[in-house]
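Peer 1: Starting off with a structure, shown below.
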Amino acid sequence: NELVTVKDLSEKMKLKVGDVIKKLMSMGTLVTINQRLDTDIAILVASELGYDAKLVSIYSEEKVENKIEDPAKLKPRSPVVTIMGHVDHGKTSLLDAIRSSNVAGGEHGGITQHIGAYRVLTQTGGYVTFLDTPGHEAFTAMRSRGAQVTDVVILVVSATDGVMPQTIEAINHAKAANVPVIVAVNKIDLPGADPQKIRQELSNYGLVPEDWGGENIMIDISAKKRLHIDSLLEMVLLKAEMMELKANPDRSAEGIVVEAKLDPRKGPVATLLVQTGTLKIGDNLVIGTTYGKVRAMSDEHGKRFTEAVPSTPVEVLGINEPPQAGDKFVVVSHESHAREIAQSRKEKAKAASLKPRHHLSLLDISAGN
Ligand code: GDP
Ligand code: MG
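Per UniProt numbering, residue 244 is the first one in the sequence shown, and the count goes up by one each step.
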């Protein structure tokens, strides 16, 4: 992917062409003035020369195309949900309740493994994808990496405890990310439960139930007794429908790493959430600073897939080394391309980390405190 000439790049940086050529030479790249540079080399040399070069790699080229995608090619996709809430209000219990209510899950009988995300088929035949890492850390970690994965937040609030500090934190995170909140008022099986009081409390924080004229769907549930879990899922689907979530399944895939690890038996494995396009066996991937070829895809029941459409989480085998959660992945046409991009990103990251920092004195002062 050679786009920019040495001349153009120099002009952009308002530097002499000779200086840029010299710098390239010192990096082991011999070029002439009108020669086109590999995008990653261009970024690398720019950063060496003190320019915060934007990522104009193949990846972002495809991203640009993606943004001007033909609306006619977009098809509805299922929602991706994160469960948040104060500690002990029932996030894990709710994830378990949802998992066990999964119509499709029962079919496979395989041992359910934690792969960081799973998809459930609801009673009415719609899919909902859940990120399996409850809590704010996962959400904020992803967001801090610029990854927007969640379409809907389910906020779990205990009907006996009410709004607590992490409840408020979750509300703020969802607001900042502009993600709609569906409230699950949990533990309604307990004698002290007061769901109406919870609604009152929440409205102080801008979450107002629909039947009070607000925008937030609120459902009373019991994760423990498995009460109204199906209604909750249907409400999520309804919300998704209103949001008109769409993606183009007929293109090469892009998405996000949900989780990754080095499995002692399988080698590097990553759970990828496909956000657009369809991921297929044999696809060449660039994932952050690593790369690979999709050898196998499976869900948390070990069920194998040959294709994964938008909003599907899949555990993928065939990656060179484990990427990081929140890394973006993109499918490229050639294996060699994937390797080259990953390698030059790695070098770039290394170069960036070796760059001298100019705020050392500030660090020194704070270290002395
Ligand atoms: P988390 O910290 O938000 O993940 O909360 P957990 O799911 O671990 O639940 C905390 C405690 O609340 C556990 O002892 C659960 O058994 C209990 N719990 C969760 N949901 C319910 C519920 O609907 N009813 C009752 N009675 N207890 C619940
Ligand atoms: Mg928990």
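All C-beta atoms in this analysis are idealised placements derived from N, C-alpha and C, irrespective of residue type, glycine included.
Bear in mind that the values here come from a model prediction, so they are computed numbers and not experimental data.
Can you tell me whether residue 415 is helix, strand or coil according to DSSP?
Peer 2: helix
Peer 1: One question on the structure: do residue 441 and residue 428 come within less than 7 Å of each other, judged by their Cβ atoms?
Peer 2: yes
Peer 1: What is the DSSP secondary structure of residue 321, counted as helix, strand or coil?
Peer 2: coil
Peer 1: I want to know whether the stretch 476 to 492 touches the stretch 505 to 516 - three or more CB-CB distances under 8 Å.
Peer 2: Counting C-beta pairs with one atom in each stretch, the stretch 476 to 492 and the stretch 505 to 516 have fewer than three that are closer than 8 Å, which means they do not touch.
Peer 1: Between which two residues does the alpha helix (DSSP H) carrying residue 290 extend?
Peer 2: Run containing residue 290: 282 to 291, per the alpha helix (DSSP H) assignment.
Peer 1: Return yes when the C-beta of residue 429 is under 6 Å from any heavy atom of the ligand GDP, and no when it is not.
Peer 2: yes
Peer 1: Applying the 10 Å Cβ sphere with the 16-neighbour rule, what's the burial state of residue 385?
Peer 2: The residue is buried, with at least 16 neighbouring Cβ atoms inside 10 Å.
Peer 1: Please check the pair residue 333 and residue 399, which I expect to be a contact at CB under 8 Å, by giving their CB distance rounded to whole angstroms.
Peer 2: 5 Å
Peer 1: For the stretch 544 to 579, which segments carrying the alpha helix (DSSP H) assignment without a break, of at least 4 residues, lie completely within its bounds, in sequence order?
Peer 2: none
Peer 1: Over what stretch of residues does the alpha helix (DSSP H) that includes residue 261 continue unbroken?
Peer 2: For residue 261, the enclosing alpha helix (DSSP H) stretches over residues 260 to 269.
Peer 1: Relative to the C-alpha of residue 503, which residue among 533, 551, 474 and 322 is closest?
Peer 2: 533
Peer 1: Is the beta carbon of residue 465 within less than 6 Å of some heavy atom of the ligand GDP?
Peer 2: yes
Peer 1: Excluding the 5 residues preceding and the 5 following residue 552 in the sequence, name in chain order all residues of the same chain whose CB lies nearer than 7 Å to its CB.
Peer 2: 492, 517 and 521
Peer 1: When burial is assigned at 16 or more other CB atoms within 10 Å of the CB, is residue 542 buried or exposed?
Peer 2: By the neighbour-count rule (16 or more Cβ atoms within 10 Å), residue 542 is buried.
Peer 1: Tell me, please, whether the stretch 260 to 269 touches the stretch 566 to 577 by the rule of three or more beta-carbon pairs shorter than 8 Å.
Peer 2: no
Peer 1: Let me know if residue 556 comes out buried or exposed under the rule of 16 or more other beta-carbons within 10 Å of its beta-carbon.
Peer 2: buried
Peer 1: Give a single yes or no on whether residue 325 has its beta carbon closer than 6 Å to a heavy atom of the ligand MG.
Peer 2: Residue 325 Cβ: outside cutoff for every heavy atom of the ligand MG.
Peer 1: Can you tell me whether residue 344 is helix, strand or coil according to DSSP?
Peer 2: The answer is coil: DSSP assigns residue 344 none of H, G, I, E or B.
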